[in-house]
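*Asks:* Numbering of the sequence shown is given in my numbering, commencing with residue -13 and proceeding in unit increments.
Pasting a structure below so you can have a look.
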Amino acid sequence: MENQYFTSGEVPVKNRAFLTGDAVKVSFFIREAKLIMDEECYFFLMASMRKMRMNIPLTYTLEFFQSLFQKEIIDQKGIHNGIINFQVFRNNDGITLSKSTISYFYDVTEIEDVLAVHKRPLELDLIKEINVNNNLLSNIRVHSPENIYGEIYAQENDLDDVILLNPNKRIARTTSGNLLFLESDVIKVPKQTEGAYISPLMENFVTFLHKNKLADIQEHEIIAFESQKAEEILMISEEKGMFSVGKIRNKTFETSRFLEWVESWKESF
């Protein structure tokens, strides 16, 4: 089924998302005809808009988004499982940019279960000719030419995605999500100060693991070759879902323990 698209009104060509990339994006999740993690996703959206100095409408309450998605997606379109990629952009109508009004656009990708790991493991590689920043805006989903370059590089080299490094040559993230590296009973996660995305989906998963004492979660500065030391790697993407990593260069990885933990996590909802 094709994606379903929704907007807050007619989208003019002369908008700052199209002209300058002046937009932020956050995902919401529908599972079994219900919004899950909606509060965490909502607060991430508000934080992202504040970081970009956007004029947040008073109507943008959690209840507004709950009602919007329930009515337009679940009730009217009958979509019971999917990922909502919600994008807010600034209009060209204010005396100053911070006073400009904002509009939204979002699309919905139907997916069998947003909490399930996709069946086919990914093949990744590191890319070294570009890097991603590790500043305040690196953790939110804004326009990123590095992601576009990395996606094209992956396609041209028969890869599923690429691992992006920060200026210090340490692992930040992939073009579409964050990486979790399992070694023994320790899960290493790149720090947000390294350029990793803020991810409500990942935070919910690792919190579950921590509370149930299934693994020791540690934020790390991870140099590039350490990816080869991991026993298993999981990629969590707000836009696309969850994926096992099966291969990086000549190294292959197991997938069983992360798959088992994800199954336990699903049962907690």
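Every residue gets a Cβ at the ideal spot worked out from N, C-alpha and C, and that includes glycine.
1. Buried or exposed: which applies to residue -13, given that a residue is buried once 16 or more other Cβ atoms fall within 10 Å of its Cβ?
2. What are the boundary residues of the alpha helix (DSSP H) that includes residue 136?
3. Would you mind working out which of 194, 88, 21 and 71 sits nearest residue 77, comparing C-alpha positions?
4. Measuring straight from C-alpha to C-alpha, what distance separates residue 94 and residue 57?
5. Would residue 172 and residue 210 qualify as a contact pair, given that the criterion is a beta-carbon distance under 8 Å?
6. Pull up the distance between the alpha-carbon of residue 71 and that of residue 233, whole angstroms please.
7. To which residues does DSSP link residue 156 through a beta bridge?
8. For residue 98, which residues in the same chain have their Cβ closer than 8 Å to its Cβ, ignoring the five residues on either side in sequence?
9. Following the continuous alpha helix (DSSP H) through residue 264, name the residue where it begins and the one where it ends.
10. What residue from 152, 73, 82 and 30 has the CA that sits closest to residue 207's CA?
11. How close, in whole Å, do the beta carbons of residue 147 and residue 161 come, if the pair is a contact with beta carbons under 8 Å?
*Replies:* The structure says:
1. For residue -13, the predicted structure reports a pLDDT of 39, less than 50, and the residue's modelled location is therefore unreliable. The matter cannot be settled from this model.
2. Residues 131 to 142.
3. The shortest C-alpha separation from residue 77 is found at 88.
4. Between residue 94 and residue 57, the C-alpha separation is close to 14 Å.
5. Taking 8 Å as the Cβ cut-off, residue 172 and residue 210 do not qualify as a contacting pair.
6. As the crow flies, the alpha-carbon of residue 71 is around 28 Å from that of residue 233.
7. Paired residue(s): 209.
8. Non-local C-beta neighbours of residue 98 in its own chain, meaning closer than 8 Å and more than five positions away in sequence, comprise 67, ordered along the chain.
9. Since the displayed the chain opens at -13 and closes at 255, residue 264 lies outside it and no answer follows.
10. Of the candidates 152, 73, 82 and 30, the residue whose Cα lies closest to the Cα of residue 207 is 152.
11. Right, their Cβ atoms sit about 6 Å apart.
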